[in-house]
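Some notes on the structure that comes next.
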Amino acid sequence: MKPHINLVFIGHVDHGKSTLIGRMLVETGVISEKELQEEAGSFKFAWIMDREKEERERGVTIDVAYQKFETSKNIITIIDAPGHRDFIKNMITGASQADAAVLVVAADDGIMPQTKEHAVLAFTLGVDQLIIAINKMDLVNFDQNVYEKLKRDLQILLSSIGYKRAEEFPYIPISAFHGEGITKHSPRMPWYKGPTFVEALEALKEPPKPVDKPLRIPIQDVYSITGVGTVPIGRVETGVLKVGDMVVFEPPGVKGEVRSIEIHHQPVQRALPGDNIGFNVRGVSKEQIKRGDVAGHPDNPPTVASAFTGKVVVLFSPPEIAPGFTPTFHCHAAHAPGRVVQILQKIDPRSGSVLEETPRALRKGEAGIIQVQLLKPIVIERASDIPHMSRFAIRHGGQTLAAGICIDLVRAK
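Positions in the sequence shown are counted from 1; adding 73 to them yields the numbering used here.
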């Protein structure tokens with residue numbers, strides 16, 4: 074079995090993410106050059122992603138757009154890309170957490186606001202493998218000096234965000250539109266000696282599966298199937314689920330026995346982190362559990378919080394994050410309104426050092442520690458206990474304002 078990597082494409086609008094994905098899918102045989110050309114005028118990432126949609130709608134859907142392709146070394150699933158309306162929310166709470174990111178930067182434009190925002194987001198969410206694609210090299214006449222300067226600027230930016238290995242990331246000069254630097258070295262850039270884009274993808278490593286952590290399965294959906302019974306659907310984030318296990322669903326606190334587990338309609342005896350599963354539970358009715366609940370083992374049940382302390386990075390303002398503000402907090406498949414009680418500190422996102430105690434507000438580009446009182450309890454875990462279950466997004470008015478991780482919490486029961 075080749076290793077599986079979940080990959081996300083990030084970067085500023087119009088820097089060529091869609092074109093690069095389209096090019097990759099042509100080069101790896103997922104779609105034909107002709108299909109790409111026919112759609113190229115209005116070529117949008119969504120076009121390819123949506124071809125799978127009807128097939129997905131017939132089966133059990135996990136609500137993240139995805140497309141698979143294979144390299145000689147690994148299998149890569151593109152889990153999402155900007156342009157998808159809920160891109161940032163998906164990146165934080167998506168059914169598939171990204172293992173790696175491709176940061177696309179246009180050579181002619183250089184570093185733009187979203188370049189930085191998306192990179193900060195990737196760092197905050199623990200995406201530690203980055204490939205930087207310096208795209209549209211054709212628009213700067215494949216000039217080595219432009220590439221070297223942008224590479225240096227990006228290394229400084231990524232180091233300043235907190236990436237310790239920014240110097241070691243691959244910075245690959247390409248032209249996605251013309252297919253230069255993707256599968257083989259471009260004759261237009263004989264000065265570049267690093268990996269091609271595909272070689273950089275092949276070097277991505279599958280992260281170790283957190284099988285030793287307590288079981289956590291955020292529930293995406295619940296079905297009641299005639300002759301079978303109640304079947305929750307979700308992705309195993311941590312731990313191992315086996316047929317015969319007792320499980321508890323939190324917050325409702327309902328218990329049941331696992332009678333069977335399916336992955337892609339195939340019965341299995343056990344499920345591991347990363348597996349999207351349906352599992353039949355005896356002793357639980359469809360009405361007792363819902364999307365956003367989390368399954369675990371009764372001896373180490375999912376933590377239900379009524380309040381928590383979070384480390385956040387603000388991506389958009391206004392509205393600014395200030396005491397009294399009551400946005401919606403999204404964590405895995407759950408969401409609940411919560412009130413910002415206090416901002417404890419404003420911090421430097423890179424070093425974590427305190428810039429200001431109890432500031433009045435946090436604005437776009439700033440980071441800080443906030444205290445939140447949830448108006449209804451949800452399952453969330455401390456980053457020090459189960460990082461996979463600690464990430465959250467703050468949304469308001471259809472916009473993702475901030476991303477964060479839970480560093481402490483108050484149990485609801």
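Glycine residues also receive a C-beta, built at the ideal position from the N, C-alpha and C atoms.
For clarity, every value in this text was computed on a predicted model and none was experimentally measured.
Could you check the C-alpha separation between residue i and residue j for me, to the nearest Å?
| i | j | result |
| --- | --- | --- |
| residue 299 | residue 466 | 36 Å |
| residue 403 | residue 382 | 14 Å |
| residue 426 | residue 440 | 11 Å |
| residue 469 | residue 313 | 35 Å |
| residue 414 | residue 315 | 41 Å |
| residue 355 | residue 325 | 16 Å |
| residue 258 | residue 216 | 15 Å |
| residue 375 | residue 288 | 8 Å |
| residue 373 | residue 88 | 46 Å |
| residue 343 | residue 319 | 13 Å |
| residue 359 | residue 234 | 44 Å |
| residue 151 | residue 412 | 35 Å |
| residue 142 | residue 480 | 36 Å |
| residue 135 | residue 178 | Here residue 135 scores only 32 on pLDDT, less than 50, and its place in the model should not be relied on; the value that follows carries that caveat. Their backbone Cα atoms lie some 30 Å apart in a straight line. |
| residue 273 | residue 223 | 19 Å |
| residue 460 | residue 422 | 18 Å |
| residue 431 | residue 104 | 53 Å |
| residue 128 | residue 396 | In this prediction, residue 128 scores a pLDDT of 38, lower than 50, which makes its location untrustworthy; no coordinate-derived value is stated. |
| residue 482 | residue 378 | 6 Å |
| residue 277 | residue 202 | 7 Å |
| residue 256 | residue 146 | 14 Å |
| residue 346 | residue 295 | 19 Å |
| residue 262 | residue 339 | 48 Å |
| residue 195 | residue 437 | 16 Å |
| residue 445 | residue 323 | 20 Å |
| residue 113 | residue 353 | For residue 113, the predicted structure reports a pLDDT of 49, less than 50, and the residue's modelled location is therefore unreliable. A value from the coordinates is still provided. Distance between the alpha carbons of residue 113 and residue 353 is about 44 Å. |
| residue 80 | residue 380 | 32 Å |
| residue 357 | residue 336 | 21 Å |
| residue 82 | residue 176 | 6 Å |
| residue 148 | residue 140 | 11 Å |
Considering only DSSP beta bridges, list what residue i is partnered with.
| i | result |
| --- | --- |
| residue 322 | 327 and 368 |
| residue 79 | 150 |
| residue 335 | 340 and 351 |
| residue 202 | 173 |
| residue 93 | Beta-bridge pairing links residue 93 to no other residue. |
| residue 207 | 178 and 246 |
| residue 444 | 382 and 415 |
| residue 394 | 435 |
| residue 143 | 148 |
Quick one: is residue i buried, meaning 16 or more other Cβ sit within 10 Å of its Cβ, or exposed?
| i | result |
| --- | --- |
| residue 122 | Its pLDDT being 46, under 50, residue 122 is placed unreliably by the model, and nothing is read from it. |
| residue 237 | exposed |
| residue 433 | exposed |
| residue 473 | buried |
| residue 450 | buried |
| residue 367 | buried |
| residue 124 | With a pLDDT of only 42 at residue 124, under 50, the local geometry of the prediction cannot be trusted, and no value is derived from it. |
| residue 190 | buried |
| residue 457 | exposed |
| residue 226 | exposed |
| residue 428 | exposed |
| residue 291 | buried |
| residue 286 | buried |
| residue 218 | exposed |
| residue 408 | buried |
| residue 405 | buried |
| residue 391 | exposed |
| residue 102 | exposed |
Does residue i come out as helix, strand or coil in the three-state DSSP assignment?
| i | result |
| --- | --- |
| residue 217 | helix |
| residue 106 | helix |
| residue 433 | coil |
| residue 342 | coil |
| residue 294 | strand |
| residue 464 | strand |
| residue 428 | strand |
| residue 87 | coil |
| residue 481 | strand |
| residue 197 | helix |
| residue 400 | coil |
| residue 180 | coil |
| residue 186 | helix |
| residue 223 | helix |
| residue 229 | helix |
| residue 313 | coil |
| residue 387 | strand |
| residue 192 | helix |
| residue 357 | coil |
| residue 454 | coil |
| residue 475 | strand |
Write down every uninterrupted run of the beta strand (DSSP E) in the segment 231–302 whose length is 3 residues or greater and which is fully enclosed by it, in chain order.
244–246 and 290–298
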